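In the working numbering, the protein residues as written are 8 to 69.
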């Protein structure tokens, strides 16, 4: 594992994603990927998860 990978993994270890947020995120992103398949950026994934966690509830259905 590279030093950057260890640093990133260490920072992520302190983050817990609530189960309801995780399930809503997976459903939302699966629907989006079905409509528009392709690569997804990690910063976009992390940003959306942070937004959903901050709101304290799952994102609305897309």
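C-beta: ideal position from N, C-alpha, C; glycine also.
Since the model is a prediction, treat every value here as computed from it, not as a measurement.
- Are the beta-carbon atoms of residue 25 and residue 60 separated by less than 9 Å? Yes, Cβ-Cβ distance for residue 25 and residue 60 is below 9 Å.
- With residue 49 and residue 32 assumed to form a contact (beta carbons below 8 Å), what rounded beta-carbon distance in angstroms separates them? Contact flag wrong, Cβ pair sits at about 14 Å.
- Query: Taking the C-alpha atoms as reference points, what is the distance between residue 36 and residue 21?
  - Reply: In a straight line, the C-alpha of residue 36 is about 23 Å away from that of residue 21.
- Task: Could you tell me the distance, in whole angstroms, from the CA atom of residue 62 to the CA atom of residue 34?
- Result: In this model, residue 62 and residue 34 are separated by some 17 Å (Cα to Cα).
- residue 28 classed as buried or exposed, judged by whether at least 16 other C-beta atoms fall within 10 angstroms: When all chains shown are included, residue 28 counts as buried.
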